[in-house]
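Numbering (our numbering), first residue to last: 2 to 342. Structure, as structure tokens:
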């Protein structure tokens, strides 16, 4: 038996977005380059993009036999909880570690502590920052290049204006995030994690014909989203300093909710509440507002009995509401909430 076969195996599962990618890169750097976390010593590291919908396929990945499983930036759902419970019970994993900042995970932390060995959650910080803080406490020296990426991701997460000296990094990260969101390509995701984890930049992975073709399609898609957002912005209803927009007649299955919401907030230069339809018996409200106001508004909608469930982040909350609730009723409740938001 080779020495390689005797090494412990570590599985990293993380979200597709920039925060998830950077969180995975930090753990990869700490383990692959430094042999410090989560295992103190050499180990074999495998990584894969995960989200609640794809979580059910994790069993085939875990057949290899792992001692550690690190879950990053994956919001709690009942399915995620049930699968972690099964993994803990039947797959012989010595330690499950969970980092996250989604609202649903924080709300269900008491359930998760029963099925994971270590849980680090905080709705006020990106998951990658939570990981960086734990690594620094363990003595990991994070390279300046990686720190610069982290700074920009934190600005993006809280919705603050990007400083001029960081704007080029921001534009570059934004294009990478769009490419991965558009393609959902596991290989591109994994190579990007490795690129972030490297203390030395190597841009060759993005200088390829497939990547350039993706970026061309993204430019076209951005134009379509901007046109839709401009039309919808004219329909905004003023609720305090927020604008409420019903996007159900204009939404397109080719892109997710978030780009349209972000574009609306950018055009209106106001916090927004945007209503979307789903194929199920509920609608979605996406609330974009800085300084944790999105979370507070979502929580109040839950208290008022309008929200069936809430998720997302502190500054980008996702609220499940009844499909048949009229806009007039919803707007009245929102106006009532504004008095004590």
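Note that the Cβ used here is the ideal one computed from N, Cα and C, for glycine as well.
Spatial distance of residue i from residue j (CA atoms)
| i | j | result |
| --- | --- | --- |
| residue 178 | residue 215 | 12 Å |
| residue 240 | residue 224 | 28 Å |
| residue 104 | residue 9 | 33 Å |
| residue 284 | residue 43 | 48 Å |
| residue 87 | residue 28 | 24 Å |
| residue 271 | residue 40 | 45 Å |
| residue 227 | residue 266 | 11 Å |
| residue 250 | residue 230 | 12 Å |
| residue 172 | residue 187 | 22 Å |
| residue 332 | residue 269 | 18 Å |
| residue 134 | residue 96 | 20 Å |
| residue 313 | residue 111 | 18 Å |
| residue 181 | residue 189 | 7 Å |
| residue 287 | residue 7 | 48 Å |
| residue 61 | residue 260 | 32 Å |
| residue 165 | residue 213 | 26 Å |
| residue 222 | residue 48 | 29 Å |
| residue 174 | residue 89 | 35 Å |
| residue 65 | residue 329 | 54 Å |
| residue 82 | residue 326 | 30 Å |
| residue 275 | residue 237 | 9 Å |
| residue 75 | residue 156 | 20 Å |
Test item: CB-CB of residue i and residue j under 8 Å
| i | j | result |
| --- | --- | --- |
| residue 14 | residue 72 | yes |
| residue 235 | residue 248 | no |
| residue 151 | residue 23 | yes |
| residue 113 | residue 69 | no |
Cut-off 7 Å between Cβ atoms - residues of its own chain near residue i, not counting five sequence neighbours on either side
| i | result |
| --- | --- |
| residue 3 | Unreliable positioning characterises residue 3 in this predicted model, as indicated by a pLDDT of 47, which lies under 50. The coordinate reading is nonetheless provided below. Counting only Cβ-Cβ distances below 7 Å, and skipping sequence neighbours, we find nothing. |
| residue 136 | 27, 31, 38, 143 |
| residue 141 | 31, 35, 37, 38 |
| residue 123 | 102, 131 |
| residue 273 | 243, 244, 246, 262, 265, 266, 289 |
| residue 176 | 216 |
| residue 324 | 282, 283, 284 |
| residue 303 | 311 |
Distance between beta carbons of residue j and residue i, contact taken as under 8 Å
| i | j | result |
| --- | --- | --- |
| residue 84 | residue 57 | 6 Å |
| residue 119 | residue 143 | The Cβ separation is near 20 Å, so there is no contact. |
| residue 127 | residue 102 | 6 Å |
| residue 200 | residue 139 | In fact, because the Cβ distance is near 18 Å, the residues do not count as touching under 8 Å. |
| residue 192 | residue 17 | In fact, because the Cβ distance is near 14 Å, the residues do not count as touching under 8 Å. |
| residue 92 | residue 51 | No, residue 92 and residue 51 are not in contact; Cβ-Cβ is about 15 Å, not under 8 Å. |
| residue 154 | residue 19 | 6 Å |
Cβ shell of residue i (< 8 Å), same chain only, five flanking positions each side left out
| i | result |
| --- | --- |
| residue 149 | 167, 170 |
| residue 80 | 53, 56, 57 |
| residue 263 | 289 |
| residue 316 | 158, 159, 160, 289, 290, 291, 292, 293, 294, 295, 296 |
| residue 125 | 102, 293, 315 |
| residue 116 | 82, 85, 86, 89, 97 |
| residue 342 | 241, 294, 297, 298, 301 |
Contacting residues, own chain, Cβ-Cβ under 6 Å from residue i (five flanking each side not counted)
| i | result |
| --- | --- |
| residue 67 | 10, 12, 94 |
| residue 219 | 179, 183 |
| residue 337 | none |
| residue 26 | 194, 197, 198 |
| residue 158 | 127 |
| residue 257 | none |
| residue 100 | 73, 121, 128, 131, 132 |
| residue 33 | 46 |
| residue 335 | 240 |
| residue 252 | 277 |
| residue 59 | none |
| residue 107 | 122, 124 |
Cβ of residue i within 8 Å of any chain B Cβ
| i | result |
| --- | --- |
| residue 258 | Chain labels in this structure do not include chain B; a single protein chain is all it has. |
Residue i Cβ short of 7 Å to the ligand FMN heavy atom set
| i | result |
| --- | --- |
| residue 172 | Absence of the ligand FMN is noted for the structure shown, with no ligands found whatsoever. |
query = Looking at C-beta atoms only, is the number of pairs between the segment 292 to 309 and the segment 317 to 325 that lie closer than 8 Å three or more?
reply = yes
ask   = Taking contact to mean at least 3 C-beta pairs separated by less than 8 Å, is the segment 265 to 279 in contact with the segment 303 to 315?
value = no
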